[in-house]
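Enquirer: Quick one: structure below, then a few questions.
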Amino acid sequence: MKVQYLFEVLGTAFFAISGALAANRKSTPDWFGVTFIGFITAIGGGSLRDVLLGCYPIVWVKDVYFIYAILGGTVLASVFYTTLQKLRKTLFLFDTLGIALFTIVGTEKALSLGAGPETAAIMGMFSAVMGGVIRDILTHEIPIIFHKEIYATACLAGALLYLTLHYFHVSRNLNFWLSGSVIVTIRIMAVRYNLSLPKFRKESVTSTI
Amino acid sequence: MKVQYLFEVLGTAFFAISGALAANRKSTPDWFGVTFIGFITAIGGGSLRDVLLGCYPIVWVKDVYFIYAILGGTVLASVFYTTLQKLRKTLFLFDTLGIALFTIVGTEKALSLGAGPETAAIMGMFSAVMGGVIRDILTHEIPIIFHKEIYATACLAGALLYLTLHYFHVSRNLNFWLSGSVIVTIRIMAVRYNLSLPKFRKESVTSTI
Amino acid sequence: MKVQYLFEVLGTAFFAISGALAANRKSTPDWFGVTFIGFITAIGGGSLRDVLLGCYPIVWVKDVYFIYAILGGTVLASVFYTTLQKLRKTLFLFDTLGIALFTIVGTEKALSLGAGPETAAIMGMFSAVMGGVIRDILTHEIPIIFHKEIYATACLAGALLYLTLHYFHVSRNLNFWLSGSVIVTIRIMAVRYNLSLPKFRKESVTSTI
Numbered sequence: 323m324k325v326q327y328l329f330e331v332l333g334t335a336f337f338a339i340s341g342a343l344a345a346n347r348k349s350t351p352d353w354f355g356v357t358f359i360g361f362i363t364a365i366g367g368g369s370l371r372d373v374l375l376g377c378y379p380i381v382w383v384k385d386v387y388f389i390y391a392i393l394g395g396t397v398l399a400s401v402f403y404t405t406l407q408k409l410r411k412t413l414f415l416f417d418t419l420g421i422a423l424f425t426i427v428g429t430e431k432a433l434s435l436g437a438g439p440e441t442a443a444i445m446g447m448f449s450a451v452m453g454g455v456i457r458d459i460l461t462h463e464i465p466i467i468f469h470k471e472i473y474a475t476a477c478l479a480g481a482l483l484y485l486t487l488h489y490f491h492v493s494r495n496l497n498f499w500l501s502g503s504v505i506v507t508i509r510i511m512a513v514r515y516n517l518s519l520p521k522f523r524k525e526s527v528t529s530t531i
Numbered sequence: 323m324k325v326q327y328l329f330e331v332l333g334t335a336f337f338a339i340s341g342a343l344a345a346n347r348k349s350t351p352d353w354f355g356v357t358f359i360g361f362i363t364a365i366g367g368g369s370l371r372d373v374l375l376g377c378y379p380i381v382w383v384k385d386v387y388f389i390y391a392i393l394g395g396t397v398l399a400s401v402f403y404t405t406l407q408k409l410r411k412t413l414f415l416f417d418t419l420g421i422a423l424f425t426i427v428g429t430e431k432a433l434s435l436g437a438g439p440e441t442a443a444i445m446g447m448f449s450a451v452m453g454g455v456i457r458d459i460l461t462h463e464i465p466i467i468f469h470k471e472i473y474a475t476a477c478l479a480g481a482l483l484y485l486t487l488h489y490f491h492v493s494r495n496l497n498f499w500l501s502g503s504v505i506v507t508i509r510i511m512a513v514r515y516n517l518s519l520p521k522f523r524k525e526s527v528t529s530t531i
Numbered sequence: 323m324k325v326q327y328l329f330e331v332l333g334t335a336f337f338a339i340s341g342a343l344a345a346n347r348k349s350t351p352d353w354f355g356v357t358f359i360g361f362i363t364a365i366g367g368g369s370l371r372d373v374l375l376g377c378y379p380i381v382w383v384k385d386v387y388f389i390y391a392i393l394g395g396t397v398l399a400s401v402f403y404t405t406l407q408k409l410r411k412t413l414f415l416f417d418t419l420g421i422a423l424f425t426i427v428g429t430e431k432a433l434s435l436g437a438g439p440e441t442a443a444i445m446g447m448f449s450a451v452m453g454g455v456i457r458d459i460l461t462h463e464i465p466i467i468f469h470k471e472i473y474a475t476a477c478l479a480g481a482l483l484y485l486t487l488h489y490f491h492v493s494r495n496l497n498f499w500l501s502g503s504v505i506v507t508i509r510i511m512a513v514r515y516n517l518s519l520p521k522f523r524k525e526s527v528t529s530t531i
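Protein chains in written order, with the working numbering: chain A, 323 to 531; chain B, 323 to 531; chain C, 323 to 531.
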């Protein structure tokens, strides 16, 4: 589990970098605002999962290293700002690895707390994407998960695969790598070939409800 | 309680339908986005109530049928999309029955957990309306409860009546139907006669706070 | 602690007044909408802190006087609306006293629940500013803490001072007044001399993440 813990801290730092860069995109917030949004992006998903599951203390209250990882990520985002701009493909890869990791970790945590598989899949996806949703709300963006190439759906697919393999007693580590790889693969294919889910319905509707 | 449980599951499905239709109104989200917003609309109010009261496991983690009701509602919303457009009055009635039911259920749950009547009334109203508020935030709408004909106020009035009758030991079932009917009646009258609460103050103000 | 309790109730009422005035600034909500936003502004920060810490019952569920303080604040905001418009400096002072008080109270509460100092500082700041952030989201404003003169940063500085003095066993009451005064002083200086934190980075960036 030691390697995985390192991954989780690094994943948190990376989400903070991605949040800090996103915060800077629209307005010109000060250092505090950027750090704040980086923080919310990084811990939003895990906090929501833990609060919905009633799992206390929640992740960053229990382990202060997550807070330092976020502060470190924000500082890095500022110092290497220009360089990071040029590394979009690297950033994309990190983000993809991050959501894959957080999905599996969130799914496992929900299972270990006695949640059913349906709930565990939702909690896994929430862990990965809800930090970004809250960030988008704070910065007045339409949450990307509603209009972007397959994103949260990739997480959900990975979580469902994990739960299926778990049901058939596939060993945990093999399952971790298989399900995580599926998320990464789906996400890369979606961006590469510009895939998206079918639209719901196009016609607009005005309702009194 | 069996009939009421059926009502609750149906009410959840209906809120999911209403959320899915609302999600489709503004942008053209994909299937995932619509299901996601339907889900949040349906479980947002009850989840917030349970988290604020510290009542774990929260409603849809405890009972997975609520998740299936939401998925079913979203599929129905897509398959019968055109038909549902023409059924606005029916939809309005279902929504009204839904908020009435959720208000009373939420008020009762808060009371049963030892909350005072003031808190119970607020929790009842939250159960009914906060899913819609979160949906409006996610889809970038000004939450309807701020500008629409009497909506949350009807829930609050019903909750207060329930608490008053409860205080005078009116039997639970009679109380349930009486208070629920008051919510439905107020809401129907408000829409029918275009009633709204008095405005607060009209002058705009710029403040440094 | 009796004086402090009185302060907390008054601080809550004041946040409700500030929320009610803010709600009225942009649109023309009805009485319900204004009370609702006043309520969220006043209890949002403390509720989020208590939920994140798993401290149940949360503050306004435990003590119903906070609910009455909010209702009183909203009524006052309406009755003395024109007068309050002219009292901007007084309102600013009250707001500043409010965030100072809530920061220290929130920091102390987190510490008393066993949180580490890093978490306690964040919880103290959340108590003071998150009600306003939620209010801004509901009323479709970019949260002020991202673009305004030093605001949340003043809270964070005060919380960190409190934690430092606490570490060196400075007596609680002295610490309370010293740390609170620092928040008030920083905030007044920031507005008076129009100070703000350095911007993060100005160049805009379009990223695929």
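We put the CB at the ideal spot given by N, CA and C, even for glycine. Small disclaimer: the values here were computed from a predicted structure and weren't measured.
#1: Quick check: residue 402/B and residue 364/B, are their CB atoms within less than 8 angstroms of each other?
#2: Under a CB-based cut-off of 8 angstroms, is residue 468/B close to chain D?
#3: Does the distance from the C-beta atom of residue 375/B to that of residue 383/C stay below 8 angstroms?
#4: Less than 8 angstroms between the C-beta atoms of residue 451/A and residue 473/A, yes or no?
#5: Return the residues of the segment 489-522 of chain B that lie within a Cβ-Cβ distance of less than 8 angstroms from chain C, sorted by chain order.
#6: Rank 339/C, 460/C and 496/C by C-alpha distance to the C-alpha of residue 389/C and give the top, closest one.
#7: Between the C-alpha atoms of residue 437/B and residue 445/B, what's the straight-line distance to the nearest angstrom?
#8: Could you confirm whether any beta carbon from chain B is found closer than 8 angstroms to the beta carbon of residue 275/C?
#9: If contact means a Cβ-Cβ distance below 7 angstroms, which residues of the segment 426-451 of chain A contact chain B?
#10: Should residue 379/B be flagged as near chain C, meaning a C-beta pair shorter than 8 angstroms?
#11: So which residues on chain B does residue 475/A lean against when the C-beta distance must stay under 7 angstroms?
#12: Within 10 Å of its beta-carbon, does residue 465/B have 16 or more other beta-carbons around it, so buried, or fewer, so exposed?
#13: Would you call the segment 402-421 of chain C and the segment 352-359 of chain C touching, i.e. three or more CB-CB distances under 8 angstroms?
#14: What does residue 383/B touch in chain C if you count any residue whose Cβ is under 8 angstroms from its own?
#15: Where does residue 352/C sit, in a helix, a strand or coil, going by DSSP?
#16: Are at least three pairs of beta-carbons, each pair with one atom in the segment 499-508 of chain B and one in the segment 421-428 of chain B, less than 8 angstroms apart?
#17: When the Cα atoms are used, what is the spatial distance from residue 449/C to residue 478/C?
#18: Taking a contact to mean a Cβ-Cβ separation below 8 angstroms, would you say residue 395/B touches residue 335/B in this structure?
#19: Do residue 373/C and residue 373/B have their CB atoms nearer than 8 angstroms?
#20: On the DSSP bridge assignment, give the partners of residue 521/B in chain order.
#21: Determine the direct distance from the alpha carbon of residue 456/C to that of residue 514/C, and round the result to whole angstroms.
#22: Under 8 angstroms Cβ to Cβ from residue 333/C, same chain only, skipping five residues before and after it: list those, please.
#23: Report the CB separation of residue 497/C from residue 488/C in whole angstroms; it is logged as a contact under 8 angstroms.
#24: List the endpoints of the continuous alpha helix (DSSP H) containing residue 376/C.
#25: Roughly how many angstroms separate the alpha carbons of residue 378/B and residue 441/C, rounded to a whole number?
#26: Assuming residue 427/C and residue 330/C form a contact by the criterion Cβ under 8 angstroms, report the distance between their Cβ atoms to the nearest whole angstrom.
#27: Is there at least one Cβ from chain C nearer than 8 angstroms to residue 464/B's Cβ?
#28: Starting from the Cα of residue 429/C, find the closest Cα among 486/C, 468/C, 399/C and 400/C and give me that residue.
#29: Within 8 angstroms of any Cβ in chain A, is that where the Cβ of residue 375/C sits?
#30: Alpha carbon to alpha carbon, what distance is there between residue 467/B and residue 328/B?
#31: Check this for me: beta carbons of residue 518/C and residue 352/A, under 8 angstroms apart or not?
#32: Among 367/A, 460/A and 490/A, whose alpha-carbon lies nearest the alpha-carbon of residue 447/A?
#33: Are residue 362/B and residue 459/C touching if we call contact CB-CB under 8 angstroms?
#34: Against residue 386/A, what residues of chain C qualify as contacts under a CB-to-CB distance less than 9 angstroms, listed in chain order?
Expert: From the atom records:
#1: On the second sequence, residue 402/B is found 80 positions in, with the first residue counted as 1. On the second sequence, residue 364/B is found 42 positions in, with the first residue counted as 1. For residue 402/B and residue 364/B, no; Cβs fall outside 8 angstroms.
#2: The chain labelled as chain D is not found among the protein chains of the depicted structure, namely A, B and C.
#3: Counted from its first residue, the second sequence places residue 375/B at position 53. Counted from its first residue, the third sequence places residue 383/C at position 61. Yes, the pair counts as a contact, with Cβ atoms nearer than the cut-off.
#4: Within the first sequence, the letter at position 129 stands for residue 451/A. Within the first sequence, the letter at position 151 stands for residue 473/A. In this structure, residue 473/A lies closer than 8 angstroms to residue 451/A by Cβ.
#5: 518, 519, 520, 521 and 522
#6: Mapped onto the third sequence, residue 389/C falls at position 67. When each option's Cα is compared against that of residue 389/C, the closest is 339/C.
#7: Numbered from 1 along the second sequence, position 115 holds the residue referred to as residue 437/B. Numbered from 1 along the second sequence, position 123 holds the residue referred to as residue 445/B. Taking the straight line from one Cα to the other gives about 9 angstroms.
#8: Any property of residue 275/C remains undetermined from this structure, which presents chain C solely from 323 to 531.
#9: 437, 438, 440 and 441
#10: Residue numbering aside, residue 379/B sits at position 57 when the second sequence is read from its first letter. With 8 angstroms as the cut-off, residue 379/B does not count as an interface residue toward chain C.
#11: As a working note, residue 475/A is residue 153 in the first sequence. Near residue 475/A (Cβ distances below 7 angstroms), the residues of chain B are 354.
#12: Mapped onto the second sequence, residue 465/B falls at position 143. With 16 or more other Cβ atoms within 10 Å, it is buried.
#13: no
#14: Position 61 of the second sequence holds residue 383/B. Residues of chain C passing the Cβ test: none, with the nearest at roughly 16 angstroms.
#15: By one-based count along the third sequence, residue 352/C stands at place 30. The answer is strand: DSSP assigns residue 352/C an E or B state.
#16: yes
#17: Numbered from its first residue, the third sequence carries residue 449/C at position 127. Numbered from its first residue, the third sequence carries residue 478/C at position 156. Their Cα atoms are separated by approximately 11 angstroms.
#18: Here residue 395/B corresponds to residue number 73 of the second sequence, with the count starting at 1. Here residue 335/B corresponds to residue number 13 of the second sequence, with the count starting at 1. Cβ atoms of residue 395/B and residue 335/B: closer than 8 angstroms.
#19: Locating residue 373/C in the third sequence gives position 51, where the first residue counts as 1. Locating residue 373/B in the second sequence gives position 51, where the first residue counts as 1. Yes. Within cutoff.
#20: On the second sequence, position 199 is the one that residue 521/B refers to. According to DSSP, residue 521/B bridges with 352/C.
#21: Within the third sequence, numbered from 1, the residue matching residue 514/C stands at position 192. Within the third sequence, numbered from 1, the residue matching residue 456/C stands at position 134. Approximately 26 angstroms between the Cα atoms of the pair.
#22: Residue 333/C sits at position 11 when you count from the first residue of the third sequence. Excluding residues within five positions, the ones whose Cβ falls inside 8 angstroms are 419, 420, 423 and 424.
#23: Translated into positions along the third sequence, residue 497/C becomes position 175. Translated into positions along the third sequence, residue 488/C becomes position 166. 6 angstroms between Cβ atoms; contact.
#24: The sequence position of residue 376/C within the third sequence is 54, counting from 1. Residue 376/C -> no alpha helix (DSSP H), and no H or E assigned at all.
#25: The sequence position of residue 378/B within the second sequence is 56, counting from 1. The sequence position of residue 441/C within the third sequence is 119, counting from 1. Distance between the alpha carbons of residue 378/B and residue 441/C: 24 angstroms.
#26: As a position in the third sequence, residue 427/C is number 105, starting the count at 1. As a position in the third sequence, residue 330/C is number 8, starting the count at 1. Confirmed, about 6 angstroms.
#27: As a working mapping, residue 464/B is identified with position 142 in the second sequence. It does: the Cβ of residue 464/B has a partner Cβ on chain C nearer than 8 angstroms.
#28: Sequence index remark: in the third sequence, residue 429/C carries index 107 (1-based). Nearest of 486/C, 468/C, 399/C and 400/C to residue 429/C, Cα basis: 486/C.
#29: Counting from one through the third sequence, the residue named residue 375/C turns up at place 53. Interface residue, yes.
#30: The sequence position of residue 328/B within the second sequence is 6, counting from 1. The sequence position of residue 467/B within the second sequence is 145, counting from 1. So the two alpha carbons sit approximately 27 angstroms from each other.
#31: On the third sequence, position 196 is the one that residue 518/C refers to. On the first sequence, position 30 is the one that residue 352/A refers to. Cβ distance < 8 angstroms, so residue 518/C and residue 352/A count as in contact.
#32: Taking the first residue of the first sequence as 1, we reach residue 447/A at position 125. It is 367/A whose Cα lies nearest to the Cα of residue 447/A.
#33: As a working note, residue 362/B is residue 40 in the second sequence. As a working note, residue 459/C is residue 137 in the third sequence. No. Outside cutoff.
#34: Numbered from its first residue, the first sequence carries residue 386/A at position 64. Correct list: 438, 439, 440 and 441.
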